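Be aware that the sequence shown starts at 10, since it is given in our numbering, and climbs by one per residue.
Glycine included, C-beta positions come from ideal geometry on N, C-alpha and C.
All of these numbers come straight from a predicted model, not from anything done at the bench.
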Amino acid sequence: REALHVTLCFLGHVAAEAVGEIGAIALSFTPRPVSLELQPDPVPIPPRRPRLLVASAVSEAAVGLQAELSERLAEAGHYKLEERAFWPHVTLARMRPERRGHRRPAQLEQPLTPLPNAVLERFHAVRATLYRSRLRPAGAVYEPLAGLELPGAQAA
């Protein structure tokens, strides 16, 4: 599960000189437990011809952390607050294009099935991390820039 991530605030392109301040904001939180519970049914995005499959996550703590982080980043001028509500989710898969050089995603070959019970048990996030993502043909490569270790269930 440590390879899973929930994006709290997607910043897009950030000037190199702003990364230090953003990292300081990310590290300024008092560490607190963040538990999550994945929902069993994968969600196709968009529904008709999905580009990705995600698992919704139930987590009041993640919603609270995202609200606080987005407010602090917005106050510092590094983030534009979203109009829609935050939706915690984990990306399970990205669909490849139908054909090389095309953007249209391939169709699902099999119907979606529920996630296995082993991944549906409540778990605790181990850290909040500021990542730089670099898009590559084989998929995104994530480089951690700053991280805050989060306490587990025993601290709740």
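- The three-state reading of DSSP puts E46 in strand, counting E and B together.
- Rounded to whole angstroms, the separation of the alpha carbons of P53 and R112 is 17 Å.
- Listed in chain order, the non-local C-beta contacts of E46 below 6 Å within the same chain comprise V67 and R131, local neighbours out to five positions each way being set aside.
- Using a C-beta cut-off of 8 Å, the stretch 36–44 makes no contact with the stretch 93–100, since fewer than three inter-stretch Cβ pairs fall below that distance.
- Taking C-alpha positions only, H14 is separated from L159 by approximately 14 Å.
- In this model, P49 and Y88 are separated by some 32 Å (Cα to Cα).
- The continuous beta strand (DSSP E) containing S142 extends over residues R136 to R145.
- For A12, the closest C-alpha among the options A147, R143, A76 and H133 is that of H133.
- The alpha carbon of E91 has as its nearest neighbour, out of R105, T100, M104 and A76, the alpha carbon of A76.
- Distances from the alpha-carbon of A70 to those of E26, R145, P56 and L17 put L17 closest.
- For G148, the closest C-alpha among the options L129, T122, G161 and A102 is that of A102.
- Around the beta carbon of A137, 16 or more other beta carbons lie within 10 angstroms, which makes this residue buried.
- Here V150 is exposed. Its C-beta has fewer than 16 other C-beta atoms within 10 Å.
- Counted as a single uninterrupted DSSP element, the stretch harbouring G86 is not any beta strand (DSSP E), since DSSP gives it neither H nor E.
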